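Colleague: In the numbering used here, the protein residues as written are 241 to 402. C-beta: ideal position from N, C-alpha, C; glycine also. Values in this document were obtained by computation on a predicted structure and should not be read as measured data. Take a look at the following structure, please.
Written out as structure tokens, the structure is:
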């Protein structure tokens with residue numbers, strides 16, 4: 241089986257066309273009938289890459305710079321500079337302290353929150369059952385490739401109304 245035409249198909253195939261096509265058509269486009277072989281899945285993983293979004297790395301400098309993208313912070317900084325250059329050094333110092341405290345506290349809170357979110361994202365791993373070599377196996381969703389036949393099952397669910 242060759243997957244040389246998969247990028248062209250995926251680029252020209254709209255979501256609506258794929259959703260309205262028959263199962264047989266979609267399986268034909270993806271060159272799979274009863275799932276992929278382990279070798280074909282490995283080749284497609286190499287070709288298309290992992291089924292994952294780039295992870296978000298928290299950078300302290302970017303969090304700090306974002307604190308100054310706030311109109312109130314910019315206004316306080318301009319006011320502090322204007323007070324300093326107009327000779328009112330006491331007001332400039334007080335405004336600078338308030339600005340520093342606000343930026344510092346906001347930075348600490350936002351950095352901790354982003355770090356916690358990144359840690360949670362890294363700790364959660366989703367699994368899927370796919371058919372490979374005519375057997376259903378459990379794989380990490382990062383290892384899913386175009387053409388994988390995923391096993392879905394119905395679970396009981398309860399709607400919560402408030």
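#1: Taking the C-alpha atoms as reference points, what is the distance between residue 281 and residue 312?
#2: Quickly, what does DSSP pair residue 371 with across the bridge? List them, please.
#3: What are the residues that DSSP puts in a beta bridge with residue 276?
#4: Is it buried or exposed for residue 330, if we count other Cβ within 10 angstroms and need 16 for buried?
#5: Run the CB neighbour count on residue 268, radius 10 Å, all protein chains shown included, and call it buried at 16 or more, exposed below.
#6: When you compare only the Cα positions, how much space is there between residue 265 and residue 257?
#7: How about residue 287: is its C-beta nearer than 9 Å to some C-beta of chain B?
#8: Under 8 Å: do the segment 333-345 and the segment 368-388 share three or more Cβ pairs, one atom per stretch?
#9: Leaving aside the five residues before and after residue 255 along the sequence, list all residues of the same chain whose C-beta is less than 6 Å from its C-beta, in chain order.
#10: To the nearest whole angstrom, what separates the beta carbons of residue 368 and residue 337, a pair I think is in contact under 8 Å?
#11: Can you list, in chain order, the residues of its chain with a C-beta nearer than 6 Å to that of residue 275? Leave out the 5 residues immediately preceding and following it.
#12: Mind the definition here: the segment 348-361 touches the segment 319-330 only if three or more C-beta pairs lie below 8 Å; say whether that holds.
#13: Kindly indicate the opening and closing residues of the alpha helix (DSSP H) around residue 323.
#14: Please confirm whether residue 298 and residue 351 have their CB atoms less than 9 Å apart.
#15: Going by other Cβ atoms of all chains shown within 10 Å of its Cβ, with 16 needed for buried, is residue 290 buried or exposed?
#16: Counting along the chain, where does the alpha helix (DSSP H) carrying residue 349 start and finish?
Modeller: So, to answer that:
#1: In the chain shown, residue 281 corresponds to position 41, counting from 1. In the chain shown, residue 312 corresponds to position 72, counting from 1. Their backbone Cα atoms lie some 53 Å apart in a straight line.
#2: By 1-based counting over the chain shown, the position of residue 371 is 131. Beta-bridge partners assigned by DSSP to residue 371: 376, 389.
#3: Along the chain shown, one-based indexing puts residue 276 at 36. Answer is 372, bridged to residue 276.
#4: Mapped onto the chain shown, residue 330 falls at position 90. Label assigned to residue 330: exposed.
#5: Here residue 268 refers to the residue found at position 28 when the chain shown is read from its first residue. Exposed.
#6: Residue mapping note: residue 265 aligns to position 25 of the chain shown, counting from 1. Residue mapping note: residue 257 aligns to position 17 of the chain shown, counting from 1. Residue 265 and residue 257: Cα-Cα distance of roughly 10 Å.
#7: Looking for chain B here will not work: only one protein chain is present.
#8: Taking 8 Å as the limit for Cβ pairs, the verdict is that the segment 368-388 does not touch the segment 333-345.
#9: One-based indexing of the chain shown puts residue 255 at position 15. Excluding positions up to five away in sequence, the list is empty.
#10: Within the chain shown, the letter at position 128 stands for residue 368. Within the chain shown, the letter at position 97 stands for residue 337. Contact doesn't hold; Cβ gap of about 54 Å is too wide.
#11: The residue labelled residue 275 in the question sits at position 35 within the chain shown. For residue 275, where only same-chain residues beyond five positions count, the Cβ hits under 6 Å are 371, 372, 389.
#12: Touching, no.
#13: The sequence position of residue 323 within the chain shown is 83, counting from 1. In the DSSP annotation of this structure, the continuous segment of the alpha helix (DSSP H) that includes residue 323 starts and ends at 311-325.
#14: As a working mapping, residue 298 is identified with position 58 in the chain shown. As a working mapping, residue 351 is identified with position 111 in the chain shown. Yes, they are a contact pair.
#15: Here residue 290 corresponds to residue number 50 of the chain shown, with the count starting at 1. For residue 290, the number of other beta carbons within 10 angstroms of its own is below 16, and it is reported as exposed.
#16: The residue you call residue 349 lines up with position 109 of the chain shown. Element bounds for residue 349: 329-363.
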